[in-house]
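**Student:** Residue numbers (this note's numbering): 6 to 124. Idealized CB from N, CA, C, for every residue including glycine.
(1) Whole alpha helix (DSSP H) runs in the region 24–111 with 4 or more residues, listed along the chain?
(2) Judging by CA-CA distance, which residue of 33, 122, 100 is the nearest neighbour of residue 75?
(3) Could you tell me whether the Cβ atoms of residue 50 and residue 15 are closer together than 8 angstroms?
(4) Nearest to residue 41 by alpha carbon, out of 80, 94, 71?
(5) Who are the Cβ neighbours of residue 29 in its own chain at under 8 angstroms, not counting the five residues just before and after it?
(6) Can you tell me the Cα-Cα spacing of residue 123 and residue 56, whole angstroms?
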């Protein structure tokens with residue numbers, strides 16, 4: 006079992022988004038995530054926290070995999086899930102990860118994510 010958790014202030018994301026909107030979005034988020042979030046800071050913060058929590062669960066930190074190698078999508082019913090690409094996917098395969106569960110939430114000020122990986 007591998008667990009990662011992250012929490013971030015939504016205002017932090019809003020500030021970066023205001024200063025460098027295109028560069029920030031294109032560096033951190035996949036096309037799917039950008040289209041889903043439509044520039045909403047709370048949604049982007051929740052996905053940012055999800056990516057960091059996933060990197061922690063993988064044991065790589067933010068330097069071990071690229072931001073876009075961890076993607077947050079949603080099932081038709083609304084439940085979020087993680088798709089791994091590139092180095093993140095290779096790392097998970099080496100760890101023999103069979104399932105990844107994601108829970109995200111946000112309030113007015115904070116977004117948080119918890120990732121649970123099972124072998």
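**Tutor:** On the basis of the coordinates in this document:
(1) Taking only runs of at least 4 residues, the alpha helix (DSSP H) segments lying wholly in the region 24–111 are 26–33, 36–42, 46–63, 66–69, 91–99.
(2) Sequence index remark: in the chain shown, residue 75 carries index 70 (1-based). That would be 33, whose Cα lies nearest to the Cα of residue 75.
(3) Translated into positions along the chain shown, residue 50 becomes position 45. Translated into positions along the chain shown, residue 15 becomes position 10. A contact, by the Cβ cut-off of 8 angstroms.
(4) As a position in the chain shown, residue 41 is number 36, starting the count at 1. Comparing Cα positions, the closest option is 80.
(5) For the purposes of this step, residue 29 is taken as the residue at position 24 of the chain shown. If we look at residue 29 and ignore the five residues flanking it on each side, its Cβ neighbours are 21, 22.
(6) Here residue 123 corresponds to residue number 118 of the chain shown, with the count starting at 1. Here residue 56 corresponds to residue number 51 of the chain shown, with the count starting at 1. Cα to Cα, residue 123 sits roughly 17 angstroms from residue 56.
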